[in-house]
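Since the structure comes first, as structure tokens, the remarks are kept for the end.
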Amino acid sequence: MTRRILTILLLATLSLHGFAQVKENQSKNEAIVYDVATDPEAVSANLLQILQKMPLVQVNAFEEVTLTGLSGIAIYVDGVPQLLPKIGIGSFIKSMPANQVERLEIYTNHHVADQALDEGGIINIITRKQKNEGMFVRASGHTATSTLSGGNVMLNAKYKKFFFDGGYAYTYQNYEKSDNDATYLSYKKVETGTFTPSHLDIRHNNNHNAHLQTGVNLTKKDIIGFSYNLFVNPWKLDRKAQINFIPAEDYYLYENNKLSTKQTTHNLSAYYQHSFNSGGYLSLAYEQGSSKYNSETDIITEAIVPISTETRATNLLSPILIKTLSSIDLKEHAVRLDAFVPLNHANAIGAGARYSSKCYDHLSNDLDRWSVYLQYSLQLSKFRLNTGLQWERPYNHFYYLDDSNTLYPFLNASYQITPNGWFSVDYTIQRTVPEPALAAGWTGHKYLNKLNLNYHYNGTKLQILADLIYHNSPKSIISAIEFVSYDNYEEPYGYYHDIYKANIHYKQVLFSLAGSYKISPSIRLQATAMVAQQTYTIVNEKELDGTYGQLSGGAIFTFPGLFNLTANGGYYFPRQIKGNKEMGNYFYRLNLSKELLKKHLIVALYATDFIGDKRFTQTFNNLTERNVMQTKEFGLSLTYQFFKK
């Protein structure tokens, strides 16, 4: 059973083909919901590939995910927030097999009593559940020609008042080919030289992803449950022949780097929920999460090459080994209370509160946060209104540069303009907080005004979903921080201190259009398009001002008793930030699957190609690095499943 711990608003869910319609008596914020269980590609795809089909989402070849153009995304599994660093979001989603997921929910404009890390929105992953009495077992394995292999198993059981739903997945990634080159420009920009600073020989990951949810229906109205999620992401990187130019000394350094990291995340939740006859409920939950990151780097300097020669010199410098160790351990405890009470058939009120406490091993003080919300809902035949206020007592001075309590309004209004068409307006004010990085990072606060105009049409054959989104952050005080160690690299204990402060003004206008058309019972087409204009201004100096977007589409061919075929492709238009430019990403995927042995065995063949190109300029030495990532593979997937009453 999926807990209703997300914001409890009675709204129509945006419906597009493949986008599930939430039951009318299910309370939730307005969301875009993709029905993963009905997608034939889910039998062999990972969840990150399915996420590419959703509007407002961008996923590049480097597994970096943005939602409405923002990288601050909160990840939930069955309504439970996952304590994940920003750099681990893409890896976490990719490690989940799509055949263990029921649907994906995206919330882009909401009042947040959950976290302050989701300026882009929330992605809620609903895993598959056993709805009928009995047991369902599924085991799957896949192998590919180049990068990704692994397997997964899922068990769903329901017996009288007891239920158990769980899954485990293991994936192995081996990137053997990723070229890096760079162009050096002298300070006077008189001459240009091209060289290869590094070649990425081997990078491999061994990901483990597990989830389970179990509980007991005490009565028809009362349920207690427990959920647990595990994500382990160790990976190694061998980088050889990296050239670093030292302008002041006029020589090159050849270096071999070996990087080994391991990220381990645990999230658990225990909850109780009582349902009322009127359709309301009361929910109490305790959540605990931990995220630990360890990193070890070996840098071996091999030689020095004078700038006047192009040949590699030897014995100019004895090999020097520099070993660095770093780690960070984050723990969070949270308690949440939600209540939703319908007053009559049209009016309802809701309220909730959440307290959380975070603890970093590098910091002596815990970071506490309170948030409380109150809302009112009106639901008529053609009109829906939801409005309310959220009060927040934010983290301490370490995160915020002031000590104020904040009160945020939120509003959603929807009107049915045609029998199949709805128009809605969303507005909210949100305060977001970035997490500190491992050794240095950004803190501060951002007041983000979010306005969303939406139209969705849900016909028999045609579905359309259009969004016009405006973001404005007139007051964003950002502080750069640096971690100072008391001892050496083996003892990561010390303190953070400010090294930079700035006022940032952020604006964005985004338009998204998604559609689906059912040509026949066996053929469906779907496509998404997005274009956006972003502007960042730091101390009256324009740091970012550019247009980006995407265009993707696909077709699903379903022939019962014969085979299923899916084809998808897309292109992401370049995104440019000062010093960091993406040259464009494109991908395509083909998937052919067939059911055998009375649907107990599913065989799938797939082919995929994903190319990304990023360039990063270091302003202090005018060095431009170029990273190219290509993932091309042909694969085979075998899935065996059975149901027992």
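Going letter by letter, the sequence shown gives residues -20 to -1, 1 to 625 in mature numbering (1 follows the signal peptide of the UniProt record, and there is no 0).
Glycine included, every Cβ here is placed at the ideal spot set by N, Cα and C.
Nothing here was measured: the structure is a model prediction, and the numbers come from that model.
Cβ distance (whole Å) where residue i is taken to contact residue j below 8 Å
{"i": "Tyr620", "j": "Ala250", "result": "33 Å between Cβ atoms; not a contact."}
{"i": "Leu50", "j": "Val39", "result": "Rounded, the Cβ-Cβ distance is 14 Å, inconsistent with contact."}
{"i": "Asn571", "j": "Ser24", "result": "6 Å"}
{"i": "Ile53", "j": "Val45", "result": "6 Å"}
{"i": "Arg108", "j": "Gln80", "result": "6 Å"}
{"i": "Ala446", "j": "Asn434", "result": "7 Å"}
{"i": "Leu135", "j": "Val117", "result": "6 Å"}
{"i": "Arg316", "j": "Ala265", "result": "5 Å"}
{"i": "Gly615", "j": "Ala78", "result": "With 8 Å as the limit, Gly615 and Ala78 do not qualify as a contact, their Cβ atoms being about 14 Å apart."}
{"i": "Gln530", "j": "Gln514", "result": "Not really, about 14 Å apart at Cβ, beyond 8 Å."}
{"i": "Asp406", "j": "Asn429", "result": "No, Asp406 and Asn429 are not in contact; Cβ-Cβ is about 11 Å, not under 8 Å."}
{"i": "Ala319", "j": "Ala328", "result": "So it is not a contact: roughly 11 Å between Cβ atoms."}
Cβ-Cβ distance between residue i and residue j below 8 Å
{"i": "Leu358", "j": "Ala333", "result": "no"}
{"i": "Glu372", "j": "Ala314", "result": "no"}
{"i": "Glu113", "j": "Ala17", "result": "no"}
{"i": "Ser496", "j": "Gln410", "result": "no"}
{"i": "Phe590", "j": "Ala41", "result": "yes"}
{"i": "Leu391", "j": "Ile449", "result": "no"}
{"i": "Leu310", "j": "Ser271", "result": "yes"}
{"i": "Thr152", "j": "Asn132", "result": "Checking the displayed sequence, the identity of residue 152 turns out to be Tyr instead of Thr. Cβ distance not < 8 Å, so Tyr152 and Asn132 don't count as in contact."}
{"i": "Ile67", "j": "Ile103", "result": "no"}
{"i": "Tyr552", "j": "Asn565", "result": "yes"}
{"i": "residue 627", "j": "Gly146", "result": "The question about residue 627 has no answer here: the residues shown for the chain are numbered -20 through 625."}
{"i": "Pro389", "j": "Leu369", "result": "yes"}
{"i": "Leu36", "j": "Thr88", "result": "yes"}
{"i": "residue 632", "j": "Thr199", "result": "Nothing can be reported for residue 632, as the shown portion of the chain is limited to -20 through 625."}
{"i": "His254", "j": "Leu262", "result": "yes"}
{"i": "Ser361", "j": "Asn213", "result": "no"}
{"i": "Ile86", "j": "Met34", "result": "yes"}
{"i": "Asn197", "j": "Lys141", "result": "yes"}
{"i": "Arg504", "j": "Ile536", "result": "yes"}
{"i": "Ser240", "j": "Lys201", "result": "no"}
{"i": "Lys624", "j": "Met115", "result": "yes"}
{"i": "Pro583", "j": "Leu576", "result": "It should be noted that the sequence gives Val, not Pro, for residue 583. In this structure, Leu576 lies closer than 8 Å to Val583 by Cβ."}
{"i": "Ile308", "j": "Tyr273", "result": "yes"}
{"i": "Ala512", "j": "Tyr486", "result": "no"}
Cross-strand partners of residue i (DSSP beta bridge)
{"i": "Met510", "result": "Ser492 and Gln530"}
{"i": "Ser271", "result": "Thr245 and Leu310"}
{"i": "Ile73", "result": "Answer is none; Ile73 lacks a bridge partner."}
{"i": "Gly592", "result": "Asn565 and Met609"}
{"i": "Leu445", "result": "His436 and Ala494"}
{"i": "Thr304", "result": "Thr277"}
{"i": "residue 628", "result": "Residue numbering for the chain in the displayed model covers -20 to 625; residue 628 lies beyond these limits and cannot be assessed."}
{"i": "residue 685", "result": "No information on residue 685 is available, as it lies outside the stretch -20 to 625 that the chain covers here."}
{"i": "Phe256", "result": "Per DSSP, none; premise fails for Phe256."}
{"i": "Lys430", "result": "Thr408 and His451"}
{"i": "Asn189", "result": "Ala149 and Phe211"}
{"i": "residue 627", "result": "Outside the modelled stretch of the chain, which goes from -20 to 625, sits residue 627, for which no answer is possible."}
{"i": "Pro322", "result": "Ala328"}
{"i": "Thr199", "result": "Paired residues: none, contrary to the question."}
{"i": "Gly101", "result": "Ile53"}
{"i": "Ser263", "result": "Gln253 and Asp318"}
{"i": "Ala535", "result": "Leu505 and Ala547"}
{"i": "Ile204", "result": "Val196 and Tyr252"}
Continuous beta strand (DSSP E) stretch holding residue i: start and end
{"i": "residue 627", "result": "Any question about residue 627 goes unanswered here, given that the chain covers just -20 to 625."}
{"i": "Leu365", "result": "Phe363 to Arg373"}
{"i": "Gln110", "result": "Where Gln110 is concerned, there is no enclosing beta strand (DSSP E), given that its DSSP letter is neither H nor E."}
{"i": "Asn132", "result": "Leu128 to Tyr139"}
{"i": "Gly332", "result": "Asn327 to Tyr340"}
{"i": "Asn544", "result": "Phe543 to Tyr552"}
{"i": "Ala393", "result": "Thr386 to Thr398"}
{"i": "Asp348", "result": "Leu347 to Gln359"}
{"i": "Leu84", "result": "Val81 to Tyr87"}
{"i": "Ala54", "result": "Ile53 to Val57"}
Interface flag, residue i vs chain C, CB-CB below 8 Å
{"i": "Ile55", "result": "Protein chain content of the structure displayed is limited to a single chain, and chain C is not contained in it."}
Could you give the uninterrupted runs of the alpha helix (DSSP H) lying entirely in the stretch 2 to 48, keeping only those of 4 residues or more? Listed in chain order, the complete alpha helix (DSSP H) runs (minimum 4 residues) inside the stretch 2 to 48 are 27 to 31.
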